[in-house]
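Chains as they are written, first to last, in our numbering: chain U, 7 to 389; chain V, 7 to 389; chain L, 7 to 389; chain G, 7 to 389.
Where a beta carbon is used, it is the ideal one built from N, C-alpha and C, also for glycine.
Just so you know, these numbers come straight off a predicted model, no measurement behind them.
Following: one structure in structure tokens, then a few remarks.
Protein chains: 4
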Amino acid sequence: MSGRLRLGMVGGGRGAFIGAVHRIAARLDGEFELVAGALSSAPERARKSGRELGLADDRSYSDWREMAERESSRPDNERPDAVAIVTPNHLHYPVARTFLEHGFNIICDKPLAVSLREALELERLVAETGALFAVTYNYTGYPLVREARELVRSGRLGTIRKVLLEYTQGWLAGPVETEGNKQAAWRTDPARSGPAGALGDIGTHAENLITTVTGLDISHLSADLTSFVPGRELDDDVSVLLRFHGGARGVLTASQVCFGEENSLTLRVYGDRGGLRWEQERPEELVLFEGEGARRILKRGNAYLSEAARMADRVPPGHPEGFLEGFANIYSAVAEALRARRDGNAPAGAAAEFPDVSAGVRGVRFVEKVLENARSTERWTAF
Amino acid sequence: MSGRLRLGMVGGGRGAFIGAVHRIAARLDGEFELVAGALSSAPERARKSGRELGLADDRSYSDWREMAERESSRPDNERPDAVAIVTPNHLHYPVARTFLEHGFNIICDKPLAVSLREALELERLVAETGALFAVTYNYTGYPLVREARELVRSGRLGTIRKVLLEYTQGWLAGPVETEGNKQAAWRTDPARSGPAGALGDIGTHAENLITTVTGLDISHLSADLTSFVPGRELDDDVSVLLRFHGGARGVLTASQVCFGEENSLTLRVYGDRGGLRWEQERPEELVLFEGEGARRILKRGNAYLSEAARMADRVPPGHPEGFLEGFANIYSAVAEALRARRDGNAPAGAAAEFPDVSAGVRGVRFVEKVLENARSTERWTAF
Amino acid sequence: MSGRLRLGMVGGGRGAFIGAVHRIAARLDGEFELVAGALSSAPERARKSGRELGLADDRSYSDWREMAERESSRPDNERPDAVAIVTPNHLHYPVARTFLEHGFNIICDKPLAVSLREALELERLVAETGALFAVTYNYTGYPLVREARELVRSGRLGTIRKVLLEYTQGWLAGPVETEGNKQAAWRTDPARSGPAGALGDIGTHAENLITTVTGLDISHLSADLTSFVPGRELDDDVSVLLRFHGGARGVLTASQVCFGEENSLTLRVYGDRGGLRWEQERPEELVLFEGEGARRILKRGNAYLSEAARMADRVPPGHPEGFLEGFANIYSAVAEALRARRDGNAPAGAAAEFPDVSAGVRGVRFVEKVLENARSTERWTAF
Amino acid sequence: MSGRLRLGMVGGGRGAFIGAVHRIAARLDGEFELVAGALSSAPERARKSGRELGLADDRSYSDWREMAERESSRPDNERPDAVAIVTPNHLHYPVARTFLEHGFNIICDKPLAVSLREALELERLVAETGALFAVTYNYTGYPLVREARELVRSGRLGTIRKVLLEYTQGWLAGPVETEGNKQAAWRTDPARSGPAGALGDIGTHAENLITTVTGLDISHLSADLTSFVPGRELDDDVSVLLRFHGGARGVLTASQVCFGEENSLTLRVYGDRGGLRWEQERPEELVLFEGEGARRILKRGNAYLSEAARMADRVPPGHPEGFLEGFANIYSAVAEALRARRDGNAPAGAAAEFPDVSAGVRGVRFVEKVLENARSTERWTAF
């Protein structure tokens, strides 16, 4: 590392959950320094949040358009190397578009946008501008998720047949959006969250995890969407049958009304020669089924893991790394890529891999196709 | 207990898996004594198997029709109190029918029959003869499955919204039916197994477990059936989206090609006030989510459990009971019911509850409806 | 199997815990039939218990001396092949002695006796009479405990260095012996339990498990014994540092006042080339550490296990077997040995291995040495 | 937060494990900025390490005495607010002494010193200078360890009777110190590690965890120390029986030759009204035994936890935090205390609690008492 990278941020003022996570992730490996932000559209809140985070007052904005304008006119050695977008979903597109147009690299929270049209437009702009664009599908940052992907890629599991992905939470089991929970309020509000509830919030993580680990492409899907809590406009429960090109099948369940569940995201992949299981709440263990032998527990940090999994390490096995470290691995990869780009180097291999704008587009397509299927009388919708 | 009950058995000769299980279950609590059997249709094998099990030669048959005939003409104090049917599926119906017609009570392995027509005919005959008829959906015999049912019944979980049932095995991941595995041979053979593979073998257990624990009735289902192993005629992988009367939703996955899985049957049920998880491979623990409080681990054998769960106990908590004990609980309930009937007593409450012919019929209907849906272009099939 | 073996029983009347366990264990594999018993010293209770268990009235005794006398005079084809002793500890010796002197084989619960003098006397008598004598250290009957022993024997773990054995229960955390708990009453009463409390009840299991699995011999021990519950005369908490011949070290903890624990018996063994972990409350899994590779989970019932572990199987992997099945494996081994003896065959190998009188003597020596050490001012007591 | 705190560091150059951990911990919450360091005594390595970490060349030293001298003469708004000492053990004392004498606050890795004499001298100096002095017993930084302490303090478990602490690692099972492992080289070298091996490295963590959580004071101890690997001078395996004032008993096992174990630190505490279990490798779960009820699983981040546990939170339940977050909680508490002190505020309550110099002294006393006991022929050594 020679010199920290400069980060701008839109959204993420006081009390915001995901903004704080992005900042920790950016800071954890000492690779980014927050230099500018439009942390809130409320001027007073924006300024206070900025000061708490050590921003200079003249780089703390309440209007992200102004921020884009003014930060883009700063000299090279002051301009943010990348801008993180951590607003509610409906702003991802206008903010990303504006910053792309002003020449910035982007780190955008998921889902990429609230419509496929918007998402494709961003993809086009990224191609046009040549900007680096990351989407923080953070679960793919876990070292053992990377190991899972390597196990599939390397053929250790043979031809993949079946994928089971379950992502259950319980925090929306009650009508908490009417009881002062701000997270719940915007996430269940179509105006801010877009047309999908649980589907957009955690269903997109689920789709991305399946696709990233297995490398399979969905060919068709058939879905059942429900909104269990009276008065809630968006779905809070999703079940999807998946068919993949090549014949594999999958089941994806995403629900935010599974009473008592916290963030129970589990992945199981079975091929004709092996299988694996991974649970996000115990992220340091990967169960591998292989050959005639017993099941093996792979643990993060060990020399027997692939390079891709090893690169994401900070501490030895047995010293648990978790959600923030996985999230930080996305930021580290972005940092690696930014530096390679700055120094005119070739892309930096696995260390610089992160979910890109295409992954973001695919997630939004998943949302649209599920919604389309749910409205249709046809069983299967082509992907 | 005053005097053991007399048990006859059809099927279950040397080397048969499920016949041996039934015998252990019958014997474990000392309530049944095997007195007659048509253990095999091969005379020599039938005789040898009978001798090994202590049958008198004149009560060891190779023809179950002959057995029905001759055993039914024995005096009351010699006739079997019940006959267990542990043959391949295609024989359940003719054997059950014959023994019912000869006045016997029946304990039949699942699925009840290979067609709904047959199943309904058995149901009719049971009503006509007044016989006691049990179907060995053994997983409902686990004490903590009974606790789960009580938790739902008592309203502790509130209104049920979501049910997740996953039953995965890996033993059919390869073409083992062509490699000398006899279990695999008949279970993948339509002539002996009926029109369903994994669906009939483990999908019916899954349906029964959901229905028993939640008390919900399926209103519609939408399924995806696959046969992954080349040359295999029957399905080896099943995924079903479920809708229940009253609005609950469910996902049922049953697969026998999940490489490396043994007998991984997990149930999760979520209501608007609580939730639960249970895993068959760790049957002594039930996770309960409730109120604002932390998750609780209920363990078999404790005084805090319901009477229904306590009645199924043999040893104190921490001394693991398992599959055979759960299976034996079905036999114990049958014994209890047989004695109540013999002694002219009223039905004996929870201690005498076991899956009956209606549960068997429902399982066969489930198979037919899934097959019907899989052949249809309609998304949903009414149940 | 040709014909069941005949079993007699002393102790184990209505309401007794361990007697019922012995009977299930004896019955589970259909190898024993209970034919005679002195189930209680109270005549009425003895008779009722006998009838419930199907004993003929003339073989149901309230005086075990009378039972020994009369049963020994029956013809060969009626005499019990073995007599199970399931009384409180203080009676093990006089009962075992009497039945040995009358020519019976014995299956005795642990601890073998309440003093080393008694234990040695029984060992002498066994040698003299040539009787078969089993001590029901049932935890060694678990298939994966047998696997653990094979892993050590085969050298897979290298030279054993460290053994950690922890056996914690919580049922004696309160003064339950004064509150009507009969188990607690006799187990905390020196007159019936002998000079050791938790030490004798579960400490002996712990010693046996260590010795059986590792094959190591204790050279010295240093112990700390406590009685936590006011008014309790016997120890309810034991910690022992162990040194083994050859240099290995161990720690054995046995406590019955660990609030909330049920029957938490865990074994860990580490050599210079590998290690293992096993927990009694999850008996179907054994964790194996080996080579540079990841940890492996061995599960009962799989083809990759040793013959010794496989022989103890009834059902396939994933269908949990538990405490009763492990206990039954001791009875099966005794049955195998009794038949080999009856038929004049050579000892039947692993299938006929069970803890013998020497193991029983060693357990009582362990108790005495710990008590001696606890009374001594010396740190280490030679074993 | 208003303005980051300035951190100096001694030790922790390229390739050092614990230095990197301290830096992540200091950085994670954005409260510290590294401004000066003597990262290595090799000038070239010190300079390179400093540049990688963004130190100005004139604040990057190879001589920590020079660093103390020069940094202490800087103006108030440049001087480090605290200096982290992350050298091998033998340097803790001279470095800490020097920086204390120059007026710095200290964050020192454990063990505090290599002799009790040194440790007491530091304690005296801290009292004399009024400096803030933290010892990074990082395991007490885990939120659920803090919950465990609160559960004991609040009386929920009643009077504590028994403590079981096991800390096993396998990384020193082979002679890795002779094979190029630098960590192993200094940790097994008496000149750098002091007179204790595993005892000093992980035994002190174990002692601190017991003492912190239970609040109990050791009255006597009896130990068995071993060095299993041929040629190794320091202990690699430790077992200690503990007696506490008030009558509680404990067993502490610390070993670095438990083949295959990673960082398996488990704590169990049992009182007369409740009990708990916590495992460092699954730090987000705490098992609580209480009342007649079932066992509860407390999970980090939930509203039902104590304030002390909640304050240490960054992300919601189900988003695993781990080792680094726990470590960072020590740094955050130090930051809180430094700010309170700077602003002239009263001590900041639980948020500013961290292991202090007395805890460090107690750890060194533990080492000395265990060594004394191991050399003695007396069973018990008073603490």
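Contacts that residue i makes with chain V (C-beta to C-beta distance below 7 Å)
i: Val-321(U); result: Those do not exist, as Val-321(U) stays about 28 Å from chain V at its closest Cβ, beyond 7 Å.
i: Ile-30(L); result: Leu-34 and Arg-320
i: Tyr-310(G); result: Glu-298, Gly-299 and Ala-300
Residue i to residue j span [Cα, whole Å]
i: Ser-8(V); j: Gly-36(V); result: Reliability fails at Ser-8(V), whose pLDDT of 49 lies under 50, so the model's placement of it is uncertain and the value that follows must be treated cautiously. Spanning the two alpha carbons is a distance of roughly 11 Å.
i: Ser-312(U); j: Asp-115(U); result: 28 Å
i: Gly-161(U); j: Val-169(U); result: 15 Å
i: Thr-165(U); j: Asn-269(V); result: 22 Å
i: Asp-69(U); j: Ala-52(U); result: 9 Å
i: Arg-67(U); j: Phe-23(U); result: The question names Arg, but residue 67(U) in the sequence shown is Tyr. About 20 Å.
i: Arg-20(U); j: Gly-180(U); result: 25 Å
i: Gly-366(U); j: Val-246(G); result: 56 Å
i: Gly-186(V); j: Trp-192(V); result: 11 Å
i: Val-370(L); j: Ala-352(L); result: 30 Å
i: Glu-6(L); j: Arg-302(L); result: This structure leaves residue 6(L) out entirely; chain L is present only between 7 and 389.
i: Pro-361(U); j: Val-158(U); result: 18 Å
i: Gly-266(U); j: Gly-56(G); result: 48 Å
i: Val-101(G); j: Ala-88(G); result: 13 Å
i: Pro-201(G); j: Val-120(G); result: 7 Å
i: Ala-133(L); j: Asn-111(L); result: 12 Å
i: Ala-90(V); j: Tyr-310(L); result: 33 Å
Residue i vs residue j beta-carbon contact at 8 Å
i: Ser-225(L); j: Ala-388(L); result: yes
i: Val-151(V); j: Tyr-145(V); result: yes
i: Gly-328(V); j: Pro-322(L); result: no
i: Gln-262(V); j: Ala-197(V); result: no
i: Gly-332(L); j: Tyr-148(L); result: yes
i: Arg-33(V); j: Leu-178(L); result: no
i: Ala-74(L); j: Phe-105(L); result: yes
Burial state of residue i (16 or more Cβ within 10 Å)
i: Lys-305(G); result: buried
i: Gly-25(U); result: buried
i: Ala-125(L); result: buried
i: Asp-243(L); result: buried
Contacts of residue i in chain L (Cβ-Cβ under 9 Å)
i: Ile-303(U); result: Val-293, Ala-300, Arg-301, Arg-302 and Ile-303
Residues that residue i contacts on chain L, provided the C-beta gap is smaller than 7 Å
i: Ser-245(G); result: Leu-247, Arg-255 and Val-257
Interface residues of chain G facing residue i [CB-CB closer than 7 Å]
i: Phe-139(L); result: Those within 7 Å of Phe-139(L) in chain G number zero; the least Cβ separation is about 34 Å.
Chain G residues whose Cβ lies nearer than 8 Å to that of residue i
i: Glu-331(U); result: Gly-328 and Leu-330
i: Arg-159(U); result: The contacting residues do not exist; Arg-159(U) stays about 25 Å from chain G at best.
Interface partners of residue i on chain G, CB under 9 Å
i: Gly-56(U); result: Those do not exist, as Gly-56(U) stays about 12 Å from chain G at its closest Cβ, beyond 9 Å.
Alpha helix (DSSP H) runs contained entirely in the segment 201-258 of chain L, provided each spans 4 or more residues: 210-220
Uninterrupted beta strand (DSSP E) stretches inside the segment 113-142 of chain G (no shorter than 3 residues): Along the length of the segment 113-142 of chain G, whole beta strand (DSSP E) runs at least 3 residues long occupy 139-141, reported in chain order.
Contacting positions in the segment 263-293 of chain G - beta carbon closer than 8 Å to chain A: The structure shown contains no chain A; its protein chains are U, V, L and G.
Start-end ranges of the alpha helix (DSSP H) lying completely within the segment 264-338 of chain G, minimum 4 residues: 313-316
Within the segment 15-64 of chain V, ranges of the beta strand (DSSP E) (whole runs, at least 3 residues): 38-44
Length-filtered (4 minimum) alpha helix (DSSP H) runs lying within the segment 350-388 of chain U: 363-381
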